[in-house]
Amino acid sequence: MLECGDRRLDLTRPAVMGILNITPDSFSDGGDFFSPDAALAQARRMAAEGAAIIDVGGESTRPGADAVSEAEEIRRVVPVIAAIRAAIPALVISIDTSKPAVMRAAVAAGAGLINDVRALQEPGALEAARELDVPVCLMHMRGEPSTMQQAPGYDDVVREVIEFLAARIEACLRAGIPRARLLIDPGFGFGKTAAHNLQLLRRLDRFRALGCPLLVGLSRKSLIGAVLGYPVEDRLYGSIALATMALWQGASIVRAHDVGPTVDAVRLCSAVMESN
Ligand code: 9MG
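FYI, in the numbering used here the residues of the sequence shown are -3 to 272.
Okay, structure coming up:
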């Protein structure tokens, strides 16, 4: 069980985290849910399809995305978090941010989990996460979204990403954030070529040695486009195939745009993995 503020998340079976981008420019759903009404309707759809978590983000992290001010990010996400919290109380709401002030405003509005693609490396982020006392997903990213896909290089991507996450877990423990509140994520597509992403997925089971539940985000990502040659809108089957490979290697949370099909993959994987 993961204690997410006053909500509890059962991870004895994998959970699906639905993606809700309150942005005009995210890579696959930018602008679709920019108004609070449209965002709440999408959250209701994802909850009905079986999402246990809704990840609300107010700043795009796609390659080349523009930065958003703290005030604008708060203005985008807080009304949506408050509306979801009131309308669908059983859901865990996650805030996708790296900014301490956004973390504080989001948790005050009802978020119970922090999803930080910068793994609490921004000034004040470790302290904010410790004070807020909610679980945190530490994701690996090489560089910044504006430049991260400019020739990323590694000697051994799997070893280097594991070492980075191990160091961030240590930093959290030193800052007073207990291991029981940490999740980890290799950060598919964040400063990685298609070959790096394939190697990470091939060896995903090695991340289990870090002792924290594993979250993965593969939904509609460029890896699928690189292998199959499909545009973003045709990547559903590829997303489900990759999510299944991650689940098979022990992923506990799958971050997805297409919640219903991803829930089916989780249910089938769990049925096979629990059979004997
Ligand atoms: C915000 N965001 C976009 N992609 C992501 C991924 O793969 N993992 C996590 N944790 N967050 C992501």
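Each residue gets a CB set at the ideal place from its N, CA and C atoms; glycine is no exception.
Closest residue to residue i among the options (Cα-Cα distance)
i	options	result
Asp92	Pro75, Val113, Arg81	Val113
Thr258	Pro131, Val132, Arg231, Asp62	Arg231
Ala43	Glu55, Phe30, Leu16	Leu16
Cys208	Val250, Leu161, Gly183	Leu161
Arg204	Ala242, Glu229, Gly246, Leu219	Gly246
Glu118	Cys168, Ile77, Thr189	Cys168
DSSP three-state assignment for residue i, whether helix, strand or coil
i	result
Met137	coil
Arg231	coil
Val273	The displayed coordinates of the chain run from -3 to 272. Any statement about residue 273 would go beyond what the structure contains.
Asp51	strand
Ser90	strand
Asp129	coil
Arg3	strand
Asp112	strand
Boundaries of the alpha helix (DSSP H) in which residue i is found, first to last residue
i	result
Met42	32 to 44
Leu169	153 to 171
Ile220	218 to 224
Residue i versus residue j - alpha carbon distance
i	j	result
Ala124	Ala101	11 Å
Ala275	Ala267	Summary: the structure shown does not reach residue 275, with the chain confined to residues -3 through 272, and so no result is reported for it.
Phe186	Ser56	13 Å
Lys344	Glu68	No information on residue 344 is available, as it lies outside the stretch -3 to 272 that the chain covers here.
Pro59	Leu200	23 Å
Val88	Leu224	34 Å
Ala115	Gly53	15 Å
Pro75	Gly183	28 Å
Gly172	Arg126	6 Å
First and last residue of the uninterrupted beta strand (DSSP E) at residue i
i	result
Cys0	-2 to 0
Leu197	Segment 190 to 198 is the alpha helix (DSSP H) holding Leu197; no beta strand (DSSP E) there.
Ala252	249 to 252
Ile180	178 to 181
Ile18	Counting along the chain, Ile18 falls outside any beta strand (DSSP E), and DSSP gives it neither H nor E.
Whole-number beta carbon distance between residue j and residue i, since they are thought to touch under 8 Å
i	j	result
Ala261	Ala239	5 Å
Asp51	Gly108	That belief does not hold up - the Cβ atoms of Asp51 and Gly108 are roughly 12 Å apart, past 8 Å.
Tyr150	His192	6 Å
Ile278	Arg202	Residue 278 lies beyond the range of the chain shown here (-3 to 272); nothing can be said about it.
Leu134	Leu179	7 Å
Beta carbon proximity, residue i to chain B, threshold 8 Å
i	result
Glu123	In the structure shown, chain B cannot be found, because there is only a single protein chain.
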